[in-house]
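Take a look at the structure below.
Residue numbers (my numbering), protein chains in the order written: chain A, 1 to 444; chain V, 1001 to 1444.
Structure (structure tokens):
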């Protein structure tokens, strides 16, 4: 994998494309042996392509396909392979149409994005101006003999790269290399330490249940506080995704109450699904998170079935006016307190009109902490029926980290209560695994 | 920069260390020419070090310093340089102390972390068990002749790496290489195409104003829709940050109304600053963004001076009950319409109590679009005094993209109105430049 751009090396952007491509490659059964980032310099791009290209079957390249003078990937590939640039008139028309639709003028530099190294296959970009291309560089040769790699260039904009990778590149790769996917299963855990997770798994391993193929999987642990992802990856190509499902029951049992789902669905998506199953609506009242919890819930398509809305009660007078939190309660306990978090949850449920209310109030920092309530002190409450529950959190870290974990812990508290009602489902819902149809033709 | 670890290549973790080191290097005046990630294999680590090391003055290495069998960085450096491993008894004692303090036993594999290639300087790790080391590899030689690089190995845990880099590595680098920071200036633009930005800059370049040192800077363009960052980087070390400020006036003029700031402050931070200058408070009413605009505003520390709160009016009845949008207006124009966006902005201003109200209503997708109002149709409105303004957006892309750009465009509309009042300031506010004290001893 080669990512191109001064902004990547300068650290202006965190290179999420490499992680994404790494995951997709692994799922496809392609071993990633190196990731490299180079500057926007034709010679440096070409040198990296030559050196890496001599050792691999596939070079996945991202970035440098834009319209500006520092976008040099296409030129570098053409120069390295001694090919001319050919303008694709279909792409020119598409650019004209796209610019006209947005009422913008197509300037000459934009036409550069319609140029491709001779013999390339254009990869359409339905959501951006930079198409990608697939270029067979067999003539580049391989260090140990044999043909050179396929060079696949994609735009650096993550959403465009992701769509191009899944919709266009993966099917072509699967076809060309008769790829077999590597079975993999992710168990999503909450509010538990990484070492505790490993300790529990080690205990299961020692039990040596012959029905479970522990020796044929590799166990990964990945933390994104407050979540831990436990991943099983088949080390034996004969092991299918279905075989890995044998681990579900023992792992669910071992992590009862801590595991909120199997697969890629987020906690917010699981909560939305559980609310829908329970036919309950929810409203949120947010102080220190300022709308973050609402934004997490509304990331989920179709959330309008269960999410009504809420109040961002940043100022105390909004807590009073819009949520009915009494001035006395605020004065007696302070805005960051259990009674106020509960009053917010109850108030938003009543005022906005929902079955369940969630309240968050805390000190995200960097200022505002006291000895009793240091930065990172957050109360999250859930009000449902005539019961309310509240958690006091002591979150370390930055303002952003405190806010993220507070919103996630509020979702977790909601999930727990839905779990007690029996409304949650942790079944695998994966939709981002590579399309099995891609591989069908190669399966016995 | 070399980051080591299978987990980085597999995409299990996003490699934030590289972005961090890139930022620190740029600020120090070290040009980062390549970033590479390799697997946990001694031969592959050594090969990368040899190849990169033959072209650079400094190799910054992260990862592979842990106690487990797949931590191979130290061995790879020692093998490459033909040095023996020497155990550092001070580090052994420190490990013993650390393990005892946590009630854990020091197992033999942990002692590995006290071994360093002969002649290395140990870099203490005050917050973890893996010390780093600074190893002069002059004997490795350089491709074009001259001495080989300094190889600096740091742990892969981001918090440990960051602390080691700033506290121990940067002062040593500044001292050894008499570093001068590279002047750099970022101009932040909004709602303008990348190619238009370049077109305008090209026009300025052609004017060839001798007062402006265009020939001594490199121009970068970076898009994060709806923002474009235009960056000037001095290619001449004699050019100071103050010299680059000469570009401010012509660029501000050329991008009048499109440039919201110079430096690293976000649009939300600029809006908060302008509201504070104008002594105005703001409240938000969000439908399709579901709290995202509120979350962007509340990312800014100290926002409580100007941000009151708001209403997440996802369901129509919340638009009616909590914002006073009339049922007739909703029925006549639909929830996604200019009149409703304006009524939301006016309603939240009045109900929540603020000087300025912002309303967002739209169709983020993937479902809910119609022929008249396809997915991506969003209305953003700002109500202030007796005036209201509304924009109709047609945003392409994913649900997440539509939501992000809608919230950003709402901030932009607010910024524009504050600009018309003369309340905005686009001056450079950068505070994340490196400590000038590091460079003081080398300055004339």
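Ideal Cβ positions, reconstructed from N, Cα and C, are used throughout, including at glycine.
For residue i, tell me which candidate among the options has the shortest Cα-Cα distance.
i	options	result
residue 1266 of chain V	V:1070, V:1056 and V:1428	V:1428
residue 372 of chain A	A:346, A:286, A:256 and A:337	A:337
residue 32 of chain A	A:367, A:296, A:1 and A:184	A:1
residue 158 of chain A	A:62, A:305, A:276 and A:30	A:62
residue 422 of chain A	A:392, A:333 and A:271	A:271
residue 1183 of chain V	V:1028, V:1344 and V:1345	V:1028
residue 1084 of chain V	V:1094, V:1106, V:1118 and V:1066	V:1118
residue 224 of chain A	A:377, A:169 and A:190	A:190
residue 69 of chain A	V:1230, V:1250, V:1112 and V:1263	V:1230
residue 1111 of chain V	V:1127, V:1048, V:1092 and V:1126	V:1092
residue 398 of chain A	V:1300, V:1395 and V:1012	V:1300
residue 393 of chain A	A:380, A:400 and A:355	A:380
residue 1279 of chain V	V:1304, V:1292, V:1264 and V:1259	V:1304
residue 57 of chain A	A:207, A:136 and A:384	A:136
residue 1364 of chain V	V:1356, V:1354 and V:1376	V:1376
residue 64 of chain A	A:47, A:179, A:153 and A:264	A:153
Any C-beta of chain C sitting closer than 8 Å to the C-beta of residue i?
i	result
residue 1326 of chain V	You won't find chain C in this structure, because its protein chains are A and V.
Would you call the CB atoms of residue i and residue j closer than 8 Å?
i	j	result
residue 308 of chain A	residue 1314 of chain V	yes
residue 1343 of chain V	residue 1329 of chain V	yes
residue 268 of chain A	residue 297 of chain A	yes
residue 1185 of chain V	residue 1261 of chain V	no
residue 348 of chain A	residue 323 of chain A	yes
residue 200 of chain A	residue 116 of chain A	no
residue 335 of chain A	residue 287 of chain A	yes
residue 205 of chain A	residue 250 of chain A	no
residue 306 of chain A	residue 351 of chain A	no
Alpha carbon to alpha carbon, how far is residue j from residue i? Give it in angstroms, no decimals.
i	j	result
residue 1358 of chain V	residue 1160 of chain V	42 Å
residue 1045 of chain V	residue 1140 of chain V	15 Å
residue 1150 of chain V	residue 36 of chain A	20 Å
residue 105 of chain A	residue 1192 of chain V	12 Å
residue 419 of chain A	residue 387 of chain A	15 Å
residue 1234 of chain V	residue 1339 of chain V	49 Å
residue 1094 of chain V	residue 1156 of chain V	20 Å
residue 1166 of chain V	residue 1024 of chain V	8 Å
residue 403 of chain A	residue 1043 of chain V	43 Å
residue 1120 of chain V	residue 1087 of chain V	11 Å
residue 1072 of chain V	residue 1040 of chain V	7 Å
residue 253 of chain A	residue 426 of chain A	12 Å
residue 1216 of chain V	residue 1239 of chain V	8 Å
residue 20 of chain A	residue 1006 of chain V	14 Å
residue 1407 of chain V	residue 332 of chain A	36 Å
residue 1195 of chain V	residue 66 of chain A	9 Å
residue 1409 of chain V	residue 198 of chain A	45 Å
residue 1097 of chain V	residue 1114 of chain V	13 Å
residue 290 of chain A	residue 1284 of chain V	10 Å
residue 74 of chain A	residue 134 of chain A	11 Å
residue 1122 of chain V	residue 1090 of chain V	10 Å
residue 1248 of chain V	residue 1361 of chain V	36 Å
residue 176 of chain A	residue 146 of chain A	16 Å
residue 1451 of chain V	residue 1374 of chain V	Nothing in the structure corresponds to residue 1451 of chain V, since chain V is present only between 1001 and 1444.
Here's the rule I'm using: 16 or more other beta-carbon atoms within 10 Å means buried, otherwise exposed. How should residue i be labelled?
i	result
residue 1445 of chain V	Only positions 1001 to 1444 of chain V appear in the structure, and residue 1445 of chain V is not among them; the question remains open.
residue 1432 of chain V	Interpretation of residue 1432 of chain V is limited by its pLDDT of 49, a score under 50 that renders its predicted location unreliable; the figure taken from the coordinates is listed afterwards. With fewer than 16 Cβ atoms within 10 Å of its Cβ, residue 1432 of chain V is classed as exposed.
residue 1444 of chain V	Annotation note: pLDDT 30 at residue 1444 of chain V (below 50); position unreliable, no value reported.
residue 1026 of chain V	buried
residue 1109 of chain V	exposed
residue 1370 of chain V	exposed
residue 1127 of chain V	exposed
residue 174 of chain A	buried
residue 8 of chain A	buried
residue 396 of chain A	exposed
residue 202 of chain A	exposed
- Residue ranges of each beta strand (DSSP E) within the region 162–235 of chain A, 3 or longer: 184–190, 217–224 and 227–234
- Item | Uninterrupted beta strand (DSSP E) stretches inside the region 358–434 of chain A (no shorter than 3 residues) | 377–384 and 387–394
- Length-filtered (4 minimum) alpha helix (DSSP H) runs lying within the region 30–68 of chain A: 42–53
- Segments assigned alpha helix (DSSP H), at least 4 residues, entirely inside the region 1241–1298 of chain V: 1241–1244, 1248–1254, 1267–1278 and 1292–1297
- Message: In chain order, what are the residue ranges of uninterrupted beta strand (DSSP E) at least 3 long that sit wholly in the region 124–162 of chain A?
- Response: 132–136 and 150–154
- Taking the runs of the alpha helix (DSSP H) that are 4 residues or longer, which of them lie wholly in the region 1066–1121 of chain V? 1073–1081, 1089–1101 and 1108–1111
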